[in-house]
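Peer 1:
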Amino acid sequence: MIMELSSLTLGEYSLVYNLFSFTIASMLAAGLFFILAQPRVAPKYRISLIVSTLVVGIAAYHYFRITGSWVDAYTLSEAGNYVASGKPFNDAYRYVDWLLTVPLLLVELVLVLNLSREKSSSMLTKLVIAAGAMIILGYPGEIAMDNGTRALWGFLSTIPFVYIVWVLWKQLGDTMGDQPERVRILFRNIRLLLLGTWGFYPIVYMAPFLGLTGAESQVAIQVGYSIADVLAKAGYGVMIYAIAREKSLAEGYSLEKAAA
Ligand code: RET
């Protein structure tokens, strides 16, 4: 929020602007899909699709606001590049978005795991607390002006992050064993998607340490987080749908039978 914004070329500014637009379209389309696909899964899995719809809906809203903030933060100069307008670019939308959507994504995953009620709620409580800590600790580093402060908060945020990934990886592995073959493959894929996308966020955060400075780093961070968000929210929701669909079929559910 208090970041000093570097000037951007027309290409850099537009890349971010258009990617935000792509992200909004992806989130809205994914949301529509999750609503329309409801009858294709057995009633007990529909709550997962409802949660997916909320996640992408919250994200679409935040990307509208982020786009507005991006537009306000720059003005086109006489020279044809984009310079800071003096209005801050608000990175907090992203963190508030995560604060809402990450717990929902965890709920979604725990739901399809089909664990006992006690196991689900104790696991979710720990995961949601860890997720909150991860995001809250990351924010001061995101808006810090110097790399030392960024590294310190980034390190603190990584502690709950490692815990979350470890718990999910282990739990998904344990549950995988008891699933029918096709569902097992989907679980393996979602585990990789989870590691790949969630692991991408801290790498993006590290852009200033990977040799990127000024405009390059600003653009890389926005591009990186946007791509990660599309995969972790819309892409992940589609995977959850696929798991719910396979499980429904394996349990004898069919759309025709339900309609009859
Ligand atoms: C931060 C700060 C630096 C260290 C770490 C981070 C992790 C962020 C993650 C965010 C995940 C967001 C998701 C959103 C989807 O809706 C905060 C960048 C570890 C893992 C999954």
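Take 0 as the starting number for the sequence shown in numbering that gives the first Met the number 0 and just add one per residue.
Using N, Cα and C, we set each Cβ at its ideal position, and we do this for glycine too.
#1: Name, in chain order, the residues that DSSP records as bridge partners for Ala58.
#2: Please classify Leu75: does DSSP put it in a helix, a strand, or coil?
#3: Assuming Tyr263 contacts Tyr12 under a Cβ cut-off of 8 angstroms, what Cβ separation, rounded to an integer in Å, is found between them?
#4: Quick one: residues in its chain with C-beta nearer than 8 angstroms to the C-beta of Tyr112, no 5 flanking neighbours on either side, listed in chain order?
#5: Under 8 angstroms: does the beta carbon of Asp228 sit that close to some heavy atom of ligand 1?
#6: Who sits around ligand 1, taking every residue whose Cβ is closer than 6 angstroms to one of its heavy atoms?
#7: Let me know if Asp261 comes out buried or exposed under the rule of 16 or more other beta-carbons within 10 Å of its beta-carbon.
#8: Given a cut-off of 9 angstroms on the beta-carbon distance, is the pair Tyr204 and Gly147 in contact?
#9: Per DSSP, which residues does Ala83 bridge with? Please list them.
#10: What whole-angstrom Cβ distance do Val50 and Val109 have, given they're in contact under 8 angstroms?
#11: If you draw a straight line from the C-alpha of Asn17 to the C-alpha of Ser253, how long is it?
#12: Mind checking which residues open and close the alpha helix (DSSP H) that includes Ile142?
#13: Determine the DSSP secondary structure at Leu7, reduced to helix, strand or coil.
#14: Measure how close the beta-carbons of Tyr62 and Thr22 come, nearest whole angstrom, since I'm counting them as under 8 angstroms.
#15: Please state whether DSSP places Ile205 in a helix, a strand or coil.
#16: Excluding the five sequence neighbours on either side, which residues of its own chain have a C-beta within less than 7 angstroms of the C-beta of Thr52, listed in chain order?
#17: Quick check on DSSP: helix, strand or coil for Tyr92?
#18: DSSP state of Ser25, grouped into three classes?
#19: DSSP state of Asp228, grouped into three classes?
#20: Are the CB atoms of Gln217 and Phe19 nearer to each other than 9 angstroms?
#21: Using the Cα positions of Val182 and Thr8, report the straight-line distance between them to the nearest angstrom.
#22: So, with DSSP's three-state summary, where would you put Ala36?
#23: Per DSSP, what kind of secondary structure is Thr148 in: helix, strand or coil?
Peer 2: A quick look at the data gives this:
#1: According to DSSP, Ala58 bridges with nothing at all.
#2: In the structure shown, Leu75 sits in a strand (DSSP, three-state: E or B).
#3: Beyond the ends of the chain as shown, which are 0 and 259, falls residue 263; an answer cannot be given.
#4: Inspection of the sequence shows that residue 112 is occupied by Leu rather than by Tyr. Closer than 8 angstroms at Cβ, skipping near neighbours: Ser119, Gln170, Leu171 and Thr174.
#5: Yes; taking the cut-off as 8 angstroms, the Cβ of Asp228 has a heavy atom of ligand 1 nearer than that.
#6: Residues with a Cβ closer than 6 angstroms to any heavy atom of ligand 1, in chain order: Trp97, Thr100, Val101, Leu104, Met133, Ile134, Gly137, Gly153, Ser156, Thr157, Phe160, Trp197, Tyr200, Pro201, Tyr204, Asp228, Ala231 and Lys232.
#7: Since the displayed the chain opens at 0 and closes at 259, residue 261 lies outside it and no answer follows.
#8: No, they are not a contact pair.
#9: Answer is Tyr73, bridged to Ala83.
#10: Not quite, the Cβ-Cβ distance comes to about 10 angstroms (not below 8 angstroms), so this is no contact.
#11: Approximately 40 angstroms between the Cα atoms of the pair.
#12: Looking at the DSSP string, Ile142 is not in any alpha helix (DSSP H), and its letter there is neither H nor E.
#13: DSSP places Leu7 in strand when its eight states are reduced to three.
#14: Indeed, because the Cβ distance is near 5 angstroms, the residues count as touching under 8 angstroms.
#15: Note that residue 205 corresponds to Met in the displayed sequence, not to Ile. If DSSP states are grouped into helix, strand and coil, Met205 belongs with coil.
#16: Result list for Thr52: Gly30, Phe33 and Ile34, in chain order.
#17: Tyr92: helix per DSSP, three-state reduction.
#18: Assignment of Ser25 by DSSP, reduced to helix, strand and coil, places it in the helix class.
#19: Correct three-state label for Asp228: helix.
#20: Not a contact, by the Cβ cut-off of 9 angstroms.
#21: Cα-Cα distance, rounded: 47 angstroms.
#22: The three-state reading of DSSP puts Ala36 in coil, since its state is none of H, G, I, E or B.
#23: Secondary structure at Thr148: helix, using DSSP grouped into helix, strand and coil.
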